[in-house]
Amino acid sequence: MAPRTCALCESAKAMLKRPKTGQQICRDCFFYVFETEVHNTIVQSKLFQPGDRVAIGASGGKDSTVLACVMKTLNDRYNYGLDLFLLSIDEGITGYRDDSLETVKRNQQQYEMPLKILSYDELYGWTMDAIVSQVGRKNNCTFCGVFRRQALDRGAAMLHVDHIVTGHNADDIAETVLMNIMRGDIARLGRCTAICTQGEDTIRRSKPFKYAYEKEIVMYAYFKKLDYFSTECIYSPDAYRGHARVFLKELEAARPSAIIDIIHSGEAFEVREEVKATQRVQQTCIRCGYMSSNDLCKACTLLEGLERGMASAGITDRGRKQLESQGPAPDNLRTIPFFKLPLGNPTIAIESTS
Ligand SMILES: [Zn+2]
Ligand SMILES: [Zn+2]
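Numbered according to the numbering used here, the sequence shown terminates at residue 356, and the numbering increases by one at each position without gaps.
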């Protein structure tokens, strides 16, 4: 059989079968359609304004490395007028994060973007290695997830950026839709497909790869020969997400459009007002100033548990009660520096236009 020609340009030899559509296309057409779809997502969702300072949450993994490459390409090609930064969180996981951060440092050179690294150790006084040695491998993802979320916002505030973009792809979002259904978490189901989230006192956060298939991200990285780090976290992964992931991969094998169809289903759900009303009102943490649905934010609760040698205090109600029964937190307790959002600060507004 003669080699096929590309279904798009009809001149070059087809080099790959596109996972999303099954089309046989050439390498250059693949780069172009992949980038153009991300551009369309960005334009249709009106994600950016010219002059925006945007931090790319960079882990050194394939998603965020491809995101950095595509954001730079599109910013140049379509004159978005964005100031791009790389923002990495160092969780302090020996043999995993230290190696992936080396990748991010090379990306900084390759993409010529300023890089900010913020570590858990610096912010919380605890590395993940130290946390795991106290709490074991069972609940460590809870700590890591809560700490990373807040660290990203704080790192972004230090960079005075208007916006954080993350490498979450279509597979991640479809998995989250499935997980929220499987857990009956309908309030979350209503929000999890939003491309952009912004609370009043948080930095805008969005997912330009919302419709990009993981398989295509891997292909893009491979054909562009991008420099990324490809090892899974050495600590235990989120087991329940694993089930959703396996299920999604089976669906995709049977029908590739399943991923996008699940996202579209999630987008089409109308959540009743009574269900939305079950969400706790957002307030500010009395100890660290970060947004919270309780007096103390989740990170402060977890940190207090660690500091007082009762790690379960931030995870279970029983643990929390046990901690409270021991009286108030001692004065010498290590706490997180007070959080102030840079937005609306006139000195920063001037800085960002210079
Ligand atoms: Zn082509
Ligand atoms: Zn707090």
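No residue lacks a Cβ here, since even glycine has one placed at the ideal position from N, Cα and C.
Unbroken beta strand (DSSP E) run spanning residue i, endpoints
| i | result |
| --- | --- |
| Lys342 | Counting along the chain, Lys342 falls outside any beta strand (DSSP E), and DSSP gives it neither H nor E. |
| Asp155 | Looking at the DSSP string, Asp155 is not in any beta strand (DSSP E); the run it does join, the alpha helix (DSSP H), is 142–160. |
| Leu88 | 85–92 |
| Ser135 | Here Ser135 belongs to no beta strand (DSSP E); instead the alpha helix (DSSP H) covers 130–137. |
| Val167 | 165–167 |
| Val56 | 55–59 |
Same chain only: Cβ atoms within 7 Å of residue i, ignoring 5 sequence neighbours per side
| i | result |
| --- | --- |
| Ile317 | Asn141, Thr144 |
| Ile288 | Asp297, Leu298 |
| Tyr98 | Thr233, Cys235, Ile236 |
| Ile119 | Ser90, Asp92, Leu103 |
| Glu254 | Ala260, Ile261 |
| Phe231 | Gly62, Gly63, Asp101, Ser102, Thr105 |
| Arg243 | Glu177, Met181 |
| Lys74 | Leu86, Tyr113 |
| Phe271 | Leu191, Gly192 |
| Gly24 | Pro258 |
7 Å Cβ cutoff met for residue i and residue j
| i | j | result |
| --- | --- | --- |
| Gly196 | Ile261 | Note that residue 196 corresponds to Ala in the displayed sequence, not to Gly. Contact flag unset, no. |
| His165 | Asp54 | yes |
| Ile219 | Asp30 | no |
| Gln136 | Ala313 | yes |
| Ala301 | Phe87 | no |
| Asp155 | Ile205 | yes |
| Leu89 | Gly59 | yes |
| Val68 | Ala176 | no |
| Ala70 | Tyr122 | no |
| Asn182 | Cys198 | no |
| Val167 | Ser208 | yes |
| Glu309 | Leu325 | no |
| Ala360 | Leu191 | With the chain covering 3 to 356 only, the question about residue 360 has no answer from this structure. |
| Phe50 | Tyr82 | yes |
| Gly94 | Thr129 | yes |
| Leu161 | Ala57 | yes |
| Tyr215 | Pro21 | yes |
Where the alpha helix (DSSP H) containing residue i begins and where it ends
| i | result |
| --- | --- |
| Leu76 | 64–79 |
| Ser102 | 99–113 |
| Asn334 | Note, Asn334: premise wrong, no alpha helix (DSSP H); not H, not E. |
| Thr303 | 300–309 |
| Gln328 | Here Gln328 belongs to no alpha helix (DSSP H), and DSSP marks it neither H nor E. |
| Thr178 | 172–185 |
| Glu275 | 275–278 |
| Ala260 | 260–270 |
| Leu191 | 188–193 |
Beta-bridge pairing of residue i - partner residues as DSSP gives them
| i | result |
| --- | --- |
| Lys118 | Leu89 |
| Ser208 | Val167, Cys198 |
| Met293 | Thr286 |
Three-state class that DSSP yields for residue i in the structure shown
| i | result |
| --- | --- |
| Thr96 | coil |
| Gln25 | coil |
| Thr7 | strand |
| Leu18 | strand |
| Tyr213 | coil |
| Arg243 | helix |
| Phe225 | helix |
| Glu124 | helix |
| Ile44 | helix |
| Glu39 | helix |
| Leu250 | helix |
| Phe231 | coil |
| Glu218 | helix |
| Ser13 | coil |
| Phe50 | coil |
| Tyr34 | helix |
| Ile350 | The predicted model places Ile350 with a pLDDT of 36, which falls under 50 and marks its position as unreliable; any figure quoted below should be read in that light. Ile350 falls in the helix class under three-state DSSP. |
| Arg363 | For the chain, the structure presents residues 3 to 356; residue 363 sits outside this window and is missing. |
| Ser356 | In this predicted model, Ser356 has a pLDDT of only 29, less than 50, meaning its place in the structure is not dependable; the value taken from the coordinates is given anyway. Ser356: coil per DSSP, three-state reduction. |
Beta-carbon contacts of residue i that lie in its chain and below 6 Å, excluding the five residues immediately before and after
| i | result |
| --- | --- |
| Ile44 | Pro210 |
| Glu306 | Ala331 |
| Leu116 | One point to set straight first is that residue 116 is Pro, not Leu, in the sequence displayed. So the list reads Phe87, once near-sequence residues are dropped. |
| His170 | Lys209 |
| Lys40 | It is Val, not Lys, that sits at residue 40 in the sequence shown. Taken in chain order, the residues that qualify are Val72, Pro210. |
| Lys19 | Gln26 |
Test: residue i CB closer than 7 Å to a CB of chain C
| i | result |
| --- | --- |
| Glu234 | Judged by its chain identifiers, the structure shown contains no chain C, having just a single protein chain. |
Sequence-distant residues of the same chain with beta carbon closer than 8 Å to residue i, five excluded per side
| i | result |
| --- | --- |
| Thr96 | Asp131 |
| Lys15 | Pro5, Arg6, Thr7, Cys8, Cys28 |
| Lys278 | Ala189, Gly192 |
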